[in-house]
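Asks: The structure that follows is given in the form of C-alpha cells.
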Amino acid sequence: ETGVTQTPRHLVMGMTNKKSLKCEQHLGHNAMYWYKQSAKKPLELMFVYSLEERVENNSVPSRFSPECPNSSHLFLHLHTLQPEDSALYLCASSYGLAVYNEQFFGPGTRLTVL
Amino acid sequence: GENVEQHPSTLSVQEGDSAVIKCTYSDSASNYFPWYKQELGKRPQLIIDIRSNVGEKKDQRIAVTLNKTAKHFSLHITETQPEDSAVYFCAASILTGGGNKLTFGTGTQLKVEL
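These protein sequence lines map, in sequence, to chains P and B. Residue 79 in the numbering used here is what sits at position 82 of the first sequence, and the numbering runs on without skipping anything. To convert, take the position in the second sequence, counting from 1, and add 61; that gives the numbering used here.
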C-alpha cells in the first residue's frame, strides 16, 4: 500500500492494558505526526518527529509514549488509558517541517477504552 | 497559542448551489492556511491551501479567500455535487521551534442534497 498506513484500524482495550499503534509512511518523508480526533472537537496535535527526533510534545499525558525508530515508522505506545482517551488517532507525514509542506494523513486507528 | 474557530458546524445545500465555510484565527503570525476534506470513514485530505501573501486562490470549483487584517479566511465551493458531502476542516499554520504546527478548526459537516 502506498502513502501512510496505520495498524490496527480498530482497537478496544481496558484501562490496564498496554497496546501500541503503528504508522508507516511510504512517501520518503522525514517528518511524522500524531493527532487525536475526538467527536465535536478539532484535530489535536500530539507529537511531532523530524528525522527520528521529537520536536514537539503538545502537553500530552505520559500514558501516551511515542517512538520513532526511523523516518518511515512511528509508534504510539499506550498504557493505563482512560475512557476519555477513546478517539480516532491519526498519523501524518510531511517532507520536512517547513510551513508550506502538505501533511499526508493515514486512515487512523479507532481506539475504544473500556 | 493559536486558536481557530470555524462556522457553521453543519451546512446543507441543494446540488448546484454554492457553499461557504468561514474560519477565524487569533495569531497574526500564522502564515499558511490549508483546508482538508474528510469523507466518512476516510482520512483527511488537503484540497486547497493559501499562503499569507495571497488574498485569493482558486482551483476549479473551490476557492479560498484570506483577509489578514481581519484574520479570517473562507472556503467557497461552487456548483456543489453530492460527492462534495464531507467534513471540511480549516487550519492555520505557524512556524515554531517544533516546525510546522497546524491548529485545526472544529470542522463543518457539508451535506449536498439532490
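Where a beta carbon is used, it is the ideal one built from N, C-alpha and C, also for glycine. None of these values were measured; they are calculated from a predicted model.
(1) Using the DSSP secondary-structure output, state which residues sit across from P167(B) in a beta bridge.
(2) Any beta carbon from chain B within less than 8 Å of K38(P)'s own beta carbon?
(3) Roughly how many angstroms lie between the CA atoms of P104(P) and E50(P), to the nearest whole one?
(4) Any beta-carbon of chain P closer than 8 Å to the one on L156(B)?
(5) Whole-angstrom Cβ separation of G166(B) and E63(B), contact assumed at under 8 Å?
(6) Using a Cβ distance threshold of 8 Å, determine whether the segment 73 to 82 of chain B contacts the segment 92 to 103 of chain P, with at least three qualifying pairs required.
(7) Cα separation between C88(P) and A131(B)?
(8) Just the chain P side, please: which residues come within less than 8 Å of K176(B) by C-beta, in chain order?
(9) Compare the Cα-Cα distances from K168(B) to each of N161(B), C151(B), K162(B) and D145(B) and report the closest residue.
(10) Helix, strand or coil, according to DSSP, for D88(B) in the structure here?
(11) Against F94(B), what residues of chain P qualify as contacts under a CB-to-CB distance less than 9 Å, listed in chain order?
Replies: Working from what's here:
(1) Per the sequence presented here, residue 167(B) reads as Thr, with Pro not at that position. In DSSP, T167(B) forms no bridge with anything.
(2) Interface residue, yes.
(3) 23 Å
(4) yes
(5) Actually they do not touch by this definition, with Cβ atoms about 11 Å apart.
(6) no
(7) 32 Å
(8) A question about residue 176(B) goes unanswered here, because the residues of chain B that appear run from 62 up to 175.
(9) In the sequence on display, residue 168(B) carries Gly and not Lys. Looking at the Cα atoms, C151(B) is the closest of the given residues.
(10) coil
(11) The premise fails here: F94(B) is roughly 10 Å from chain P at the closest Cβ pair, so nothing lies under 9 Å.
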